[in-house]
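Input: a single structure, listed below in structure tokens.
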Amino acid sequence: MAEIEREAMEYDVVIVGAGPAGLSAAIRLKQLDADINVVVLEKGSEVGAHILSGAVLDPCGLDALIPDWQDKGAPLNVPVREDNFYMLGEAGKLRVPNWPMPPLMNNHGNYIVSMGNVCRWMAEQAEELGVEIFPGMACSELVFDDKGGVKGVVAGEFGKDADGSHGANYEPGMELHGKYVFLSEGVRGSLSKEVIAKYDLSQGHEPQKFGLGMKEIWEIDPAKHREGTVTHTMGWPLGDNAGGGSFIYHLDNNQVYVGFVVHLNYKNPYVFPYMEFQRFKHHPIVADLLKGGKRVAYGARAISEGGYQSMPKMVAPGVALLGCAVGMVNVPRIKGNHNAMLSGKAAAEAAHAAIQAGRSGDELSEYETEVRQGAIGKDLKKVRNVKPFWSKWGLIPSLALGGFDMWTNTLGFSLFGTQKHGKTDAAATEKASAHKPIDYPKPDGTLSFDRLTNVAFSFTNHEESQPAHLHLKDPDIPVQVNLPEFAGPAARYCPAGVYEFVQEPDKDARFVINFQNCVHCKTCDIKDPSQNINWVTPQGGDGPNYPNM
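Residue 332 in the working numbering sits at position 107 of the sequence shown, and the numbers go up by one each step.
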């Protein structure tokens, strides 16, 4: 096929992804120099359409970036007023008091927010400063200079037919070049993954670890609503099958965020994260709250959980990784948005100084130094052993060990050094023959729902005539390897029902990819035990359209 000719546009900095990290970088660049040319490219149909987070926001990142955010109307409207933590049994609960917990676990001073709405507001602030923001622009390729460094991206390619050929309305998109390119795609971004592999940025670091976060928005009985209440739980229904926990956040307007996180290093391939979430809602602590209410939205997204020891090298020639593209979530706090904002600010300051010095296309090592030695690194270092303790010892021992280690780190030392994660989440998956199937109750349609019903509440949509954006490296592996050896885990780990094994009488099983259902969570790219699925971006504007996540 002949090489595609594309027009090119030149910028000082090209930013991929309009999340908290990318928008913070754009804002800070314009604060430092009103004349600097900055563009932000967002694959969602609008800013915020693909943003899904808990979220209880620590405002320290926003304080550093926009100190007068309150005067400017930032949508941080619900301060945390009550902070609860429970251990759950099948029907009962045990309240864990707040006083033994390290100070970093305290949520007072934080805000219950829709990060989608926070990002929409941040985009307004960026545009007022002169940042160009283009939603509906998926970035499908990196552009390299003649020395092998990153000099830009290809954005806005549309109109391919299902077989990959150019359709009648094909648009090749354009190249956007920058002195520096920032990748702020979030967890397991397709371009970030390519950069990490090409430049071997994970060398010398622990493998990244992940969780799958699923979330519903409910409108509940006003008599049950307690604005500003934050509740976290651990224990039932996961038991020994997997690590994870839940969150229940009371925002305003009688709405509640109900979420569930399953750590993706589970061994048993019969674990069905989505059904664990649905089963959780039948616990009395949740069911009593939701009865009489109405679910209004659903979504899912992978979460980076590796923390301090899993952050790869963040820079390569011409490119820097920001926020969750690196993995900056503080796992016990269940917070990463503040660090994403701080990383965007740090990257912007490093790029601005470099451009002022006449540099371009080199490594922004100053950015990485600031992340590792500054506020982000200090935040993550204190909690670095919580996740590996959980993986090695299970829930109860890890609570004791992790709590003790967080206290000692708060005081400036640790008795445990830095623990290792070991295997990737894909490699942690064991053969089905070593485990028993799990019997999940059927959703009742009132508190719990089947996947396809819930996916409709993500408002996801993909142009059906385009190529599937879920690529199989070997199309035979799902049926010939994953089905007999791992009981076909793709049919369970996907929270949107994208994958299914179809068995017809007297015929071999078929592996079907319903890519139209995809909510862009990236779990398949992470958890597939054969690492046979490669998630790439579909055409711009496709995917979920989250209203208030």
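For every residue, glycine included, the Cβ atom is placed at its ideal position computed from N, Cα and C.
### Task
Label Gln728 either buried or exposed according to how many other C-beta atoms from any shown protein chain fall within 10 Å of its C-beta, with 16 as the threshold for buried.
In the sequence shown, the residue the question calls residue 728 occupies position 503. The residue is exposed, with fewer than 16 neighbouring Cβ atoms inside 10 Å.
### Task
Taking Trp760 as part of the beta strand (DSSP E), name the residues at either end of that continuous run.
In the sequence shown, the residue the question calls residue 760 occupies position 535. Segment Ile758 to Trp760, the beta strand (DSSP E) holding Trp760.
### Task
Whole angstroms is fine: what's the gap from Ile833's alpha carbon to Ala576's?
As displayed, the chain neither begins before 226 nor continues past 774, which places residue 833 out of reach and without an answer.
### Task
Could you check how far apart the C-beta atoms of Ala651 and Glu710 are, in whole angstroms? I think they sit under 8 Å.
Locating residue 651 in the sequence shown gives position 426, counting from the first residue. Locating residue 710 in the sequence shown gives position 485, counting from the first residue. Contact doesn't hold; Cβ gap of about 13 Å is too wide.
### Task
Would you mind working out which of Ala582, Gly403, Asp388 and Ser415 sits nearest Cys364, comparing C-alpha positions?
Residue numbering aside, residue 364 sits at position 139 when the sequence shown is read from its first letter. Per the Cα distances, Ser415.
### Task
State the Cα-Cα distance for the pair Ile445 and Thr456, rounded to the nearest angstrom.
Stepping through the sequence shown from its first residue, residue 445 is reached at position 220. Stepping through the sequence shown from its first residue, residue 456 is reached at position 231. Using only the alpha carbons, I get a separation of about 16 Å.
### Query
Exposed or buried, what is Gln503 when buried is set at 16 or more other beta-carbons lying within 10 Å of its beta-carbon?
Counting from 1 along the sequence shown, the entry for residue 503 is found at position 278. Gln503 should be labelled buried.
### Query
CB Val241 to CB Leu266, shorter than 8 Å?
To locate residue 241, count along the sequence shown from 1; it is residue 16. To locate residue 266, count along the sequence shown from 1; it is residue 41. Yes, the pair counts as a contact, with Cβ atoms nearer than the cut-off.
### Query
Around the C-beta of Gly377, are 16 or more other C-beta atoms found within 10 angstroms, so that it is buried, or is it exposed?
For the purposes of this step, residue 377 is identified with residue 152 of the sequence shown, where counting begins at 1. Its Cβ being crowded by 16 or more others within 10 Å, Gly377 is buried.
### Query
Going by the beta-carbon positions, is the gap between Val375 and Val540 smaller than 8 Å?
For the purposes of this step, residue 375 is taken as residue 150 along the sequence shown, with counting starting at 1. For the purposes of this step, residue 540 is taken as residue 315 along the sequence shown, with counting starting at 1. No, they are not a contact pair.
### Task
Using the Cα positions of Leu426 and Glu419, report the straight-line distance between them to the nearest angstrom.
Along the sequence shown, read from residue 1 onward, the residue named residue 426 stands at position 201. Along the sequence shown, read from residue 1 onward, the residue named residue 419 stands at position 194. For Leu426 and Glu419, the distance between alpha carbons rounds to 10 Å.
#### Entry: Span of the alpha helix (DSSP H) around Tyr592
Position 367 of the sequence shown holds residue 592. Taken as a continuous stretch (DSSP letters only), the alpha helix (DSSP H) holding Tyr592 covers Ser590 to Gln598.
#### Entry: Residue of Leu408, Tyr523 and Met459 minimising C-alpha distance to Gly314
Working through the sequence shown from its first residue, we reach residue 314 at position 89. Looking at the Cα atoms, Met459 is the closest of the given residues.
### Task
Could you check if Ala721 is buried or exposed, using at least 16 other CB atoms within 10 Å of its CB as the buried criterion?
Within the sequence shown, the letter at position 496 stands for residue 721. Flag for Ala721 reads buried.
### Close beta carbons around Arg717, own chain, < 6 Å, minus the five adjacent residues each side
Locating residue 717 in the sequence shown gives position 492, counting from the first residue. Here the set comprises Phe497.
### Task
Label Asp767 either buried or exposed according to how many other C-beta atoms from any shown protein chain fall within 10 Å of its C-beta, with 16 as the threshold for buried.
The residue labelled residue 767 in the question sits at position 542 within the sequence shown. The residue in question, Asp767, is buried, as its Cβ has 16 or more Cβ neighbours within 10 Å.
### Query
Which residue from Met774, Ala467 and Val596 puts its Cα closest to that of His660?
As a working mapping, residue 660 is identified with position 435 in the sequence shown. Selected option, being the one with the closest Cα: Ala467.
### Task
Following the continuous alpha helix (DSSP H) through Gln295, name the residue where it begins and the one where it ends.
In the sequence shown, residue 295 corresponds to position 70, counting from 1. Careful: Gln295 lies outside any alpha helix (DSSP H) and carries neither H nor E.
### Query
Do you know whose CA, among Met347, Gly355, Met326 and Val305, lies nearest Gly334's CA?
In the sequence shown, the residue the question calls residue 334 occupies position 109. Checking every option, the nearest Cα to that of Gly334 belongs to Val305.
### Task
Could you say if the stretch 481-499 and the stretch 386-404 meet the contact criterion of at least three C-beta pairs nearer than 8 Å?
no
### Message
Suppose you measure from the CA of Lys318 to the CA of Pro537; what does that come to, to the nearest Å?
### Response
Here residue 318 is taken as the residue at index 93 of the sequence shown, counted from 1. Here residue 537 is taken as the residue at index 312 of the sequence shown, counted from 1. Cα to Cα, Lys318 sits roughly 39 Å from Pro537.
### Message
Out of His391, Pro622, Phe736 and Asn770, which one is the CA nearest neighbour of Glu228?
### Response
The residue labelled residue 228 in the question sits at position 3 within the sequence shown. With distances taken between Cα atoms, Glu228 lies closest to His391.
### Message
For Val723 and Asp260, I'd like the C-alpha separation in whole angstroms.
### Response
Counted from its first residue, the sequence shown places residue 723 at position 498. Counted from its first residue, the sequence shown places residue 260 at position 35. Those two C-alpha atoms are separated by around 45 Å.
### Message
What residue range does the alpha helix (DSSP H) around Glu530 cover?
### Response
Numbered from its first residue, the sequence shown carries residue 530 at position 305. Counting along the chain, Glu530 falls outside any alpha helix (DSSP H), and DSSP gives it neither H nor E.
### Message
Please classify Pro360 as buried or exposed, where buried requires at least 16 neighbouring CB atoms within 10 angstroms.
### Response
The residue you call residue 360 lines up with position 135 of the sequence shown. Classification for Pro360: buried.
### Task
Please list, in chain order, all residues of the same chain as His563 whose beta carbon is under 6 Å from its beta carbon, the five residues on each side excluded.
The residue labelled residue 563 in the question sits at position 338 within the sequence shown. Once the five neighbours on either side are set aside, the close Cβ partners of His563 are Asp283, Cys285 and Gly286.
### Query
Which same chain residues, not among the five before or five after Ala289, have their C-beta less than 7 Å away from its C-beta?
On the sequence shown, residue 289 is found 64 positions in, with the first residue counted as 1. Correct list, in chain order: Leu567 and Lys570.
#### Entry: N- and C-terminal bounds of the alpha helix (DSSP H) containing Ser623
Here residue 623 is taken as the residue at index 398 of the sequence shown, counted from 1. Segment Leu620 to Thr635, the alpha helix (DSSP H) holding Ser623.
### Task
Report the residue from Pro245, Val744, Ala251 and Gln534 whose alpha carbon sits nearest the alpha carbon of Ala527.
Taking the sequence shown and counting its residues from 1, the one referred to as residue 527 is at position 302. Nearest of Pro245, Val744, Ala251 and Gln534 to Ala527, Cα basis: Val744.
### Task
Note down the Cα distance separating Asn686 from Ala393, rounded to an integer number of angstroms.
Here residue 686 refers to the residue found at position 461 of the sequence shown. Here residue 393 refers to the residue found at position 168 of the sequence shown. Cα-Cα distance, rounded: 21 Å.
### Message
To the nearest angstrom, how far is the alpha carbon of Ser339 from that of Leu277?
### Response
The residue given as residue 339 occupies position 114 in the sequence shown. The residue given as residue 277 occupies position 52 in the sequence shown. Approximately 8 Å, taken between the alpha carbons.
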